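So that you can map any letter, position 177 of the sequence shown is 216 in my numbering, and since no number is skipped, the others follow by simple counting.
Note that the Cβ used here is the ideal one computed from N, Cα and C, for glycine as well.
If you're wondering where the values come from, they're calculated on a predicted model, not measured in any experiment.
Take a look at the structure set out below.
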Amino acid sequence: MSKLKNKAVQKKKPMWLRKLLHSLFAFSIIIVLYFLPTPEGLSRSGQIMIGIMFMGAILWITEAIPLAATGLLIIVMQPIMGTMQAQDVFASFGNQAIFFLIGAFIIAGAIEKYGLHRRIALRLLTYFAKKPKMLSFGIMTSCVFLTFIIPEHGVAVLFLPIVTSILIAMKVTPRKSNFGKVTMLSVAYGCSIGSLGTLVGGARNPLTVTILSNMNPPITVSFFEWMVYAMPVVFLTFPVVWMILQFSFPIEIKDTEKAKEEIRYQVNTEGKLGRSEWIVIAIVTITVLLWVFFSSSQYFGLAIVALLGSVLLFFSGAITWKDIEKRVPWGIILLYGGAITLGFGLQKTGAGAWIAHSISNVAGDHMYLVIIGLIVLSILLTAFMSNVAAVSILLPIGLGVATQVPGISSLLAAMLIALSGGLAFMLVISTPGNAIMYSSGYFSTRDLLRAGFFSNIICIIMIFLIAVFYWKGVLGL
């Protein structure tokens, strides 16, 4: 028994050591930058802020401490290191986008409590279960549409048991069956792509809107305007990514009769909608309509509408605080708050503008080169850390680049970074959706890397074309 314990300790020790080394390395960057001479054009506080940015990036990439804890550390370090006043840091944390996110999570929690998203998913799948290829396309389509109203990780959690039960009914062998790989990856990639479409799908979307609204002069993006910018990316990207999956893993299964039976069985177990379900449907519908048509109103706004919908759900008795307490990912809110304060600090200290100026000196006035650079940087960085963290680091820099390079507006730079930052296809750690579906055991990390690499290459090309011909050419961004 003692030998087993010793072996367990030996296995755990390297992990503790790695975390310690990563943490020491992260803090050493701040110390080094603190004592280095300040470069020309950069303020003292800006130099230290860059150190805090690198510290946060390293801790987010290595996960030496939980992601949410890194968010809190970024908040704490700014007043301690003298880059920002405490009241300014906390004021940025209390931004309306935080309350929008809380309200959106509460509404999503109500949908999850009554399984409304499951009902929608199963109904959609009944129309696509005729052939194996159509079934995988239907699964990806369902994920894309559901992430318009529910955060991407929630959709991935919903689909894991549904898809697993279908694959078990079809007697699909994990890791050996291409159909199993395509099906699970359709969920992971569908959640990522669909999360671009609305401000609800991914936390990086309201983060982008928040940072734009903090600019001088402020740039306001409504719920509907975001959809106008982002939906073409969603609807052009997801069919192409689905085709890449088909080419990467040719489906060997010909018959879906067992899948149809399983889907029909799950639909029949749902039963009829009750009074509470109809109340939730009504409140969610009203909330979404208010977001679309009144989110830019001085009386409403995104956060007010989200909180109003949440309060109505409590008043109606459809949900209780205990229901929400266990369904809202509070860690994401803390991570998000830290990301906002980081972006705010990079802007206010001029660190973001200084980095942007350094980049523009290298890139010159080549607009197309800068557009491709922002897309590639966003996709690469979000592959190794939370996309909220990646966007919070890149946005202040990208907005600074927009002021240096002719032909690139702040809004264009923001959309390039925010949407590219959601397309993390290659690694398990890149998104919660990838990690959740990988846990099923139906595909390997090599499978993910293979399909993700080609998907990312195609997405870089597609976003570049959309940026040039749609955002700039049609919308005039």
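Asked	Found
Helix, strand or coil at D127 according to DSSP, with G and I counted as helix	helix
Rounded C-alpha distance that separates I499 from A490	14 Å
Pick from T77, R83 and G95 that is closest to S67, judged by C-alpha positions	G95
Span separating the alpha-carbon of I159 from that of V128	41 Å
Coil, strand or helix - H405 by DSSP	coil
C-alpha gap between S336 and A428, whole angstroms	29 Å
E301 burial status per 10 Å Cβ neighbour count (16 or more: buried)	buried
Three-pair Cβ contact test at 8 Å for the stretch 367-383 versus the stretch 168-182	no
Alpha helix (DSSP H) runs contained entirely in the stretch 92-122, provided each spans 4 or more residues	106-119
Straight-line Cα distance separating A474 from F482	11 Å
N244 - DSSP class collapsed to helix/strand/coil	helix
Beta-carbon proximity of L438 to A390, cut-off 9 Å	no
Beta-carbon spacing of G382, L434 below 9 Å	yes
Where G515 sits in the DSSP three-state scheme	coil
Contacting residues, own chain, Cβ-Cβ under 6 Å from N45 (five flanking each side not counted)	In this predicted model, N45 has a pLDDT of only 49, less than 50, meaning its place in the structure is not dependable; the value taken from the coordinates is given anyway. Once the five neighbours on either side are set aside, N45 has no close Cβ partner at all.
Whether S216 touches F464 by CB criterion (9 Å)	no
Beta-carbon proximity list for P471, same chain, < 8 Å, skipping 5 on both sides	E191, H192 and A195
Whole alpha helix (DSSP H) elements within the stretch 320-398, 4-residue minimum	340-355, 360-364 and 369-387
Residue burial classification, G121 (beta-carbon count within 10 angstroms, cutoff 16)	exposed
C-alpha gap between F132 and I379, whole angstroms	6 Å
Buried or exposed (CB count within 10 angstroms, at least 16 for buried), S41	Caution applies to S41, whose pLDDT of 45 falls short of 50 and renders its modelled position unreliable; the value that the coordinates give is listed next. It counts as exposed.
Chain-order list of residues whose beta-carbon lies under 7 Å from that of T388 (same chain, five-residue window excluded)	S82, S84, G85, M88 and T122
With 16 other Cβ atoms within 10 Å as the buried cut-off, status of G321	For clarity, residue 321 is Ala in the given sequence; the question names Gly instead. A321 comes out exposed.
Nearest-angstrom Cα separation, counted from V248 out to L112	23 Å
Three or more C-beta pairs below 8 Å linking the stretch 236-256 and the stretch 302-309	no
Cβ neighbours of A452 in the same chain (closer than 7 Å, five flanking residues each side left out)	L413, G437, L438, V440 and A441
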